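At position 138 of the sequence shown the residue is numbered 138 (full-length UniProt numbering), and the sequence of numbers has no breaks.
Ideal Cβ positions, reconstructed from N, Cα and C, are used throughout, including at glycine.
Since this is a predicted model, take the numbers as computed values, not measurements.
Here is the structure we will look at, set down as structure tokens.
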Amino acid sequence: MATIGEHETAVAQDELADSAQTLVDSAANQEDSADRRTRLSADRTMLAAERTYAAWMRTGLASLAAGVGARKLLAGLVPDWLGLSTALVLIVFAEFCFGAGIWREIAGKSLRPDPDTDRLPTWLPVLFNAFMLVVGAAVLVGVAAS
């Protein structure tokens, strides 16, 4: 027959074993949670980079349109050189936005962790930006010649 001391020792050992198992389970849950947060963080980073790229493109397109509009709408209201210089500055700024947008998109890909979601292929924004740079250059020449 077990004595009271042996019984208390057995109960204490059982409680210690339960506590150790709880600690192991908690550590496993924390690792799973950290991995999940890291994966979600990679997705958020990628989406933020795509929003930044879209902002550069939006700003470039708006500046390109504003440059053409400034040349046409300011004609007759201000001296010709002022309308032309305003249009040229806006169009050059649009070209800068197109170049900066693709530079940030390509340079930033190496810094981002691997996301779970699919990315745009690199050639697609490069092709789009190359096209926009050509369009911007054509507009620049057209506005300067008019």
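Opening and closing residue of the alpha helix (DSSP H) in which residue i lies
i	result
Leu-127	123 to 145
C-beta atoms of residue i and residue j nearer than 9 Å
i	j	result
Leu-90	Gly-67	yes
Thr-59	Arg-104	no
residue 147	Leu-84	A question about residue 147 goes unanswered here, because the residues of the chain that appear run from 1 up to 146.
Leu-77	Thr-86	no
Met-57	Phe-128	yes
Leu-140	Leu-88	yes
Beta-bridge partners of residue i, as assigned by DSSP
i	result
Ala-75	Val-78
Short CB-CB distance (under 9 Å) between residue i and chain C
i	result
Ala-17	No chain C is part of this structure, which consists of one protein chain only.
Specify whether the stretch 133 to 140 and the stretch 89 to 100 touch according to this definition: at least 3 beta carbon pairs, one from each stretch, less than 8 Å apart.
-> yes
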